[in-house]
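K.L.:
When we follow the numbering used here, the leftmost residue of the sequence shown carries the number 20, and every step to the right adds one.
Cβ atoms here follow ideal geometry from the backbone N, Cα and C, with glycine treated the same way.
All values reported here derive from a predicted model rather than from experimental measurement.
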Amino acid sequence: MIQALHNNQIDIIATDHAPHTLDEKQRDYNQAPAGLPLVEHALLCLFDHVKHQRLSIEQVVEKTAHNPAKHYAVKDRGFIREGYYADLVLVDMNQTTEASHENSRYLCGWTPFNDYQFSSSIRRTWVNGCQVFDGRIVNDQTISSMRLAFDR
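(1) Nearest by alpha-carbon distance to Ser140: which of Met165, Met112 and Phe132 is it?
(2) Buried or exposed for Glu117, going by 16 or more other Cβ atoms inside 10 Å?
(3) Out of Ile32, Leu109, Arg142 and Glu59, point me to the one whose CA is closest to Leu126's CA.
(4) Taking its Cβ as the centre, do 16 or more other Cβ atoms sit within 10 Å of Phe137, making it buried, or is it exposed?
(5) Please go through the segment 86 to 168 and give each complete alpha helix (DSSP H) segment of 4 or more residues, from N-terminal end onward.
(6) What does a CB cutoff of less than 6 Å around Ile21 pick up in its chain, not counting 5 residues either side in sequence?
(7) So what's Leu172 in DSSP terms, helix, strand or just coil?
(8) Could you spell out the range, first to last residue, of the alpha helix (DSSP H) harbouring Gln22?
(9) Given a cut-off of 9 Å, decide if Ala23 and Ile29 are closer than it, judged by their beta-carbon atoms.
(10) Looking at C-alpha atoms only, which residue of Glu121, Ser164, Arg124 and Leu109 is the closest neighbour of Arg143?
(11) Please report the distance separating the alpha-carbon of Leu65 from that of Arg96.
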């Protein structure tokens, strides 16, 4: 998959964020729902690949922000540009994050990364220019959320 990212055979990295309960995921394969709760840790996973030099920061930005905005013609998003909405994440590359079921913010109450130590941490997050996370949720996202617009 890393090679496919480098060759641009994969142009977008995303997660469907499927927060099924752990009991649901423990069912037989054909009975278990697809997907995992990943949105909280997806960017941290990518930055682990950056640390191990499998991906560059520029590739992470391109595959997670620029390409989705271009591919889906999302208006005024996906880039840091004047007049664009500030959807930003501040990542500390020198501060680790330990994932556990106990500190997970998923409503399903578990993470597939239980007891895993990520090499970076999310310090702050802004949605539409409003800070919504600073080590904890600091703003109800319904205040800063808005419907996406498309240039189609």
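P.N.:
Taking the coordinates as given:
(1) Looking only at Met165, Met112 and Phe132, the smallest Cα-Cα distance to Ser140 is reached by Met112.
(2) So Glu117 ends up on the exposed side.
(3) Among Ile32, Leu109, Arg142 and Glu59, the Cα nearest to that of Leu126 is on Glu59.
(4) buried
(5) At a cut-off of 4 residues, the continuous stretches assigned as alpha helix (DSSP H) that sit fully inside the segment 86 to 168 are 86 to 90 and 160 to 163.
(6) Arg73
(7) Only positions 20 to 171 of the chain appear in this structure, which leaves residue 172 out of reach.
(8) Under the DSSP assignment, Gln22 falls in the alpha helix (DSSP H) whose first and last residues are Ile21 to His25.
(9) yes
(10) Leu109
(11) 20 Å
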